[in-house]
Amino acid sequence: MVAVDPIAQPWGMRTPYEPGQPWPERVDHFLAEGITPESVDRWVQSAAVLHSNGDGLDIAVKDGRIVGVRGRAVDRVNHGRLDPKDLFGWQANASPDRLTTPYVREAGRLRPCDWDTAMNRIVERSRELLDTRGPSSIGFYTSGQLFLEEYYSQGAIAHGAIGTNHVDGNTRLCTATAAEALKESFGCDGQPGSYTDVDHSDVIALFGHNVAETQTVLWARMLDRLAGDNPPAIVCVDPRLTPVALHATVHLAPLPGTNVAMMNALLHEIIANDWVDHEYVEAHTVGFQELEKQVADYPPERAAQICDVNVDDIRAAARIIGTAKRLLSTVLQGFYQSHQATAAAVQVNNIHLIRGMLGKPGCGVLQMNGQPTAENTRECGADGDLAGFRNWANDAHIEQLAKLWNLEPQQIPHYAPPTHAMQIFRYAEEGTVQMLWITATNPAVSLPELSRIRDILAQKRLFVVVEDIFMTETAKLADVVLPAAAWGEKTGAFTNADRTVHLSEKAVEPPGSARSDLEIFLDYARRMDFRDKDGQPFPPWTDAESAFEAWKKCSAGRPCDYTGLSYDKLRGGSGIQWPCNADRPDGTERLYAGGKFWADPDYCEAYGKDLITGAPLEPTEYRAMNPSGKAIIKAAQYLPPHERPSSGYPFALITGRTLYHFHTRTKTARAPQLQRAAPQVWVEVSEGDARRLGIREGDLVEVSTPRGCIICAARVSGIRDGVLFVPFHYGYWDTDGHDHHRAGNELTLTDWDPVSKQPIFKTAAAQLRRRGATTNGPAAAPTTTASAPVNGQVPATVGGADATATEVMAGQS
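Below, the structure is given as structure tokens:
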């Protein structure tokens, strides 16, 4: 047993291993002061909800309250390890400012009330709008942090009972491009790879994926491979000097917005050097000739000029990727939230298709998620998809769903794809949507161009319902606020980024009169008296387990098949990867073995879109292109970003997440160890740019774009010249109630990828100017992460006395 500081050592102690060996166990624990493992009343099974990795853990309960966590050694995802957010984030559940009662707006102010008053207000407005304006006047904006049963219920109520097409989640901000890229290449969503591919790969390529901060336990797995014999080569594509970049064999730092040019150059080299599995391409794909033609125009010299990187580095990266025996690629927000997001992500899929690197140990793609249950949002039809990965443009799929729900097919809107989040907010701005139900998300901080979003939410004609665990910046603008139960206070299943399904059991009671999201949705359905075509209550399920069983029927025969799972099967052991059914009772580690895809025209989830315009393909076009249901190789031309640096705004601004916080800090700011590690916003600037502008570490600076500005401290970091980075976690409201002009999304633009409709957070043109010398010393940015200072004069980030956790290695007691 070893005592560690997970703030200072986010990835913990090393347990080296070799390719083909199982990842050694290391069980991490953190308990509240005065609590020992022996004094815990009971341990309750769950998994992590402050990132998408899905770390299996147990919740420690003492005297009816949560007092700590420990990793689950048996779990396939983490083998007992925990992230700093896992270890400390649970403390938010007991924060004294939890919502414990509903609120309604009276005379311009939110006032506490009982549940009947709040729900009657929602029902009254719902009925009024349905009677006068129809289903399209109501929209739902959900999360990536609810449970599967809650998403399925919400999607069934919105799409089925109400019949609105305006249903999406904040997963539009983080994982929409992952879903779209998979549908474009494979005809269906679902991660081809598995975390266990880390155990076998000889090359790991990370495209816009700072895994060290967004999925620290997965990075610990990679670090343990790097520490063992026969380590993999690492290729990192990121404009920042991340921990991944520091360990990379080759680090490519392209200018933001140029990812497609970079990917085309890598593909150019792979094809030019004939590192292509022609037999696989011929047997299992369509579209190779078009790709070959397109990338011929992108030799490394041209990409080096567009991306402003060294041409030899492009060639070196291409050689490593092109000659890999077992290639694992991961993709995240550096591609997803940037210009030509889907086009760039699809090119990563193309590398694996032309190299035949799918469905085998060490050979896989992980188009990553940003949130713990983003996969469930997509599966269950709560984020711009239809339940069970069904195709909205396939009438037979609509009939299947209608039969499952016992509704008429015309009741389920399928005249167009479900409305994406940015369009829902535009409809609200224009007055078409007049009721917006927001669940477990904080768009007043997380969406782009925040001044516009706040104006939309504050409109008198828009009736806003917010369902959350705290009075967030968004909740303060609502007409009705509903107190929700948090993780650990309800039971449900959720699925991580590599399709691993976990069960999270209820450990403690929620505070006050807070209710689970499932209870709230079902209460709303009963009060609205929703009925199926036989007059029976809809949805018919009544609790979490019956909702799960209903979902299994919906998933049957679809790619995300859960029919082999049950609550009992998920109890006690490891999470299990879908599809899990009679043919695969133990789950499925990797998809597409043997070149078998879910792309058949009658079965596929989507017919695809043009990667430049986003125009959808007609079913007849898809059938003609891919009659045999093969994987689809899609080429894309590089186009410059819509907003580029100029003389007035000479920097490219990117925003993003960092290690110690999750999204808008609703939970992590209430965990003392995490908040101390990164208490205030900062901007990262390169050493060369700082010197040119006369900026020193910690100086007060102003970052501005055509949309607004923030004032914060400067961190002189290893970021590339010409680029600024601002974390988006910090909202305009803080615990002292004052506006600090510090939200990164005050600066970002209203623009989105034409294919995935994911907002662009990484190509704004910005200006940086010094406001004054530092008065508080260095910027309050971590030294352990990509924000590490270049001069070494900044005190190291540590957790302190209350941040000591324990690690128990395999074989220790």
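Those letters in the sequence shown? Residues 74 to 886, by my numbering. By construction, the Cβ of each residue, glycine as well, lies at the ideal position given by its N, Cα and C atoms.
Practice problem: Provide the residue span of the beta strand (DSSP E) that contains Q840, from first to last. | Solution: Under the DSSP assignment, Q840 falls in the beta strand (DSSP E) whose first and last residues are A837 to G845.
Practice problem: Would you list the residues sitting across from L279 in a DSSP beta bridge? | Solution: C309 and T403, per the DSSP bridge assignment.
Exercise. Tell me P185's beta-bridge partners as DSSP assigns them.
Key: Its beta-bridge partners are Y176.
Practice problem: Going by DSSP, name the residue or residues bridged to R604. | Solution: According to DSSP, which records beta bridges pairwise, R604 is partnered with P610.
Practice problem: Taking all protein chains shown into account, decide if P658 is buried (16 or more other Cβ within 10 angstroms of its Cβ) or exposed. | Solution: Of the residues assessed, P658 falls on the exposed side of the cut-off, its CB having fewer than 16 other CB atoms within 10 angstroms.
Exercise. Check the DSSP bridge columns for D347 and list the partner residues they point to.
Key: D347 is bridged by DSSP to nothing; it lacks a bridge partner.
Quiz prompt | Which of helix, strand or coil DSSP assigns to G228 | solution = Here G228 sits in helix by DSSP.
Quiz item: Hey, how far is the Cα of D302 from the Cα of D275?
Solution: In a straight line, the C-alpha of D302 is about 11 Å away from that of D275.
Quiz prompt | Proximity to Y733 [Cα-Cα], best of G395, P583, T615 and G162 | solution = Of the candidates G395, P583, T615 and G162, the one whose C-alpha sits nearest the C-alpha of Y733 is G162.
Quiz prompt | W163 - containing alpha helix (DSSP H), residue span | solution = That residue, W163, is in no alpha helix (DSSP H); it is neither H nor E in DSSP.
Practice problem: Determine the DSSP secondary structure at V384, reduced to helix, strand or coil. | Solution: Looking at V384 - three-state DSSP - the assignment turns out to be helix.
Practice problem: Report buried or exposed for N864, applying the criterion of at least 16 other Cβ atoms within 10 angstroms of its Cβ. | Solution: N864 is exposed by the Cβ-count criterion.
Exercise. Express the C-alpha separation of Y224 and M495 in angstroms, rounding to a whole number.
Key: Going from the Cα of M495 to the Cα of Y224 covers about 20 Å.
Exercise. Tell me whether the beta-carbon of A617 lies closer than 9 Å to the beta-carbon of S589.
Key: Result yes, Cβ atoms of A617 and S589 sit closer than 9 Å.
Self-check item: Residues bridged to L726 (per DSSP)
Solution: Looking at the DSSP output, L726 shares a beta bridge with L797 and A837.
Quiz item: Mapping DSSP to helix, strand and coil, what is G330?
Solution: Residue state for G330 is assigned as coil, using DSSP reduced to three classes.
Self-check item: Residue burial classification, Q288 (beta-carbon count within 10 angstroms, cutoff 16)
Solution: Per the 10 Å Cβ criterion, buried.
Quiz item: Can you tell me whether DSSP reads A455 as helix, strand or coil?
Solution: In the structure shown, the three-state DSSP call for A455 is coil.
Quiz item: From D128, G360 and G228, pick the residue whose C-alpha is nearest to that of L291; which is it?
Solution: For L291, the closest of D128, G360 and G228 by C-alpha to C-alpha distance is D128.
Self-check item: Whole-number beta carbon distance between P583 and A598, since they are thought to touch under 8 Å
Solution: Distance from A598 to P583 at the Cβ level is roughly 20 Å; contact not present, criterion being Cβ atoms closer than 8 Å.
Quiz item: Should E111 be labelled buried (16 or more other beta-carbon atoms within 10 Å of its own) or exposed?
Solution: Label assigned to E111: exposed.
Quiz prompt | Segment limits, beta strand (DSSP E) that includes A878 | solution = For A878, the uninterrupted beta strand (DSSP E) run begins and ends at A878 to M882, by DSSP.
Practice problem: For A338, I'd like the list of residues in its chain whose CB is within less than 6 Å of its CB, leaving aside the five on either flank, ordered along the chain. | Solution: Result list for A338: Y371, P373, A376 and I387, in chain order.
Quiz item: Nearest CA to the CA of S720: which residue from E540, L841 and M74?
Solution: Answer by Cα proximity: L841.
Exercise. Decide yes or no for the touch test of the region 253-266 against the region 439-452: beta carbon pairs closer than 8 Å, at least 3 of them.
Key: Contact holds: three or more Cβ-Cβ distances are below 8 Å.
Quiz item: So, is S701 buried or exposed, given that buried needs 16 or more other C-beta atoms within 10 angstroms?
Solution: Its Cβ having fewer than 16 others within 10 Å, S701 is exposed.
Quiz prompt | Test item: CB-CB of A460 and C653 under 9 Å | solution = For A460 and C653, no; Cβs fall outside 9 Å.
Quiz item: Hey, would you say C309 sits closer than 9 Å to F462, going by beta carbons?
Solution: Not a contact, by the Cβ cut-off of 9 Å.
Quiz item: For R143 versus D131, is the C-beta spacing smaller than 9 Å?
Solution: Yes.
Quiz item: Since T215 contacts T512 with CB under 8 Å, what's their CB separation in whole angstroms?
Solution: Between T512 and T215 the Cβ distance is about 5 Å, and since that is below 8 Å, they are a contact.
Quiz prompt | alpha helix (DSSP H) segment containing P692, residue limits | solution = Looking at the DSSP string, the run of the alpha helix (DSSP H) that includes P692 is P692 to M698.
Exercise. Could you check if G810 is buried or exposed, using at least 16 other CB atoms within 10 Å of its CB as the buried criterion?
Key: Per-residue confidence for G810 stands at a pLDDT of 47, beneath the threshold of 50, marking its modelled position as unreliable; no derived number is given.
Quiz item: When the Cβ atoms of the region 271-286 are set against those of the region 846-854, are three or more pairs found closer than 8 Å?
Solution: By the Cβ criterion, the region 271-286 is not in contact with the region 846-854, since fewer than three pairs of Cβ atoms, one from each stretch, lie closer than 8 Å.
Exercise. Counting only the same chain and skipping the five closest in sequence on each side, list residues whose C-beta sits under 8 Å from that of L73.
Key: The structure shown does not extend to residue 73, since the chain is modelled only from 74 through 886, so no value can be given for it.
Quiz item: By how many angstroms is the C-alpha of P486 removed from the C-alpha of P556?
Solution: Distance between the alpha carbons of P556 and P486 is about 30 Å.
Quiz item: Hey, quick one: how far does the beta strand (DSSP E) through Q440 stretch, first residue to last?
Solution: Per DSSP, Q440 belongs to the beta strand (DSSP E) from G437 to Q440.
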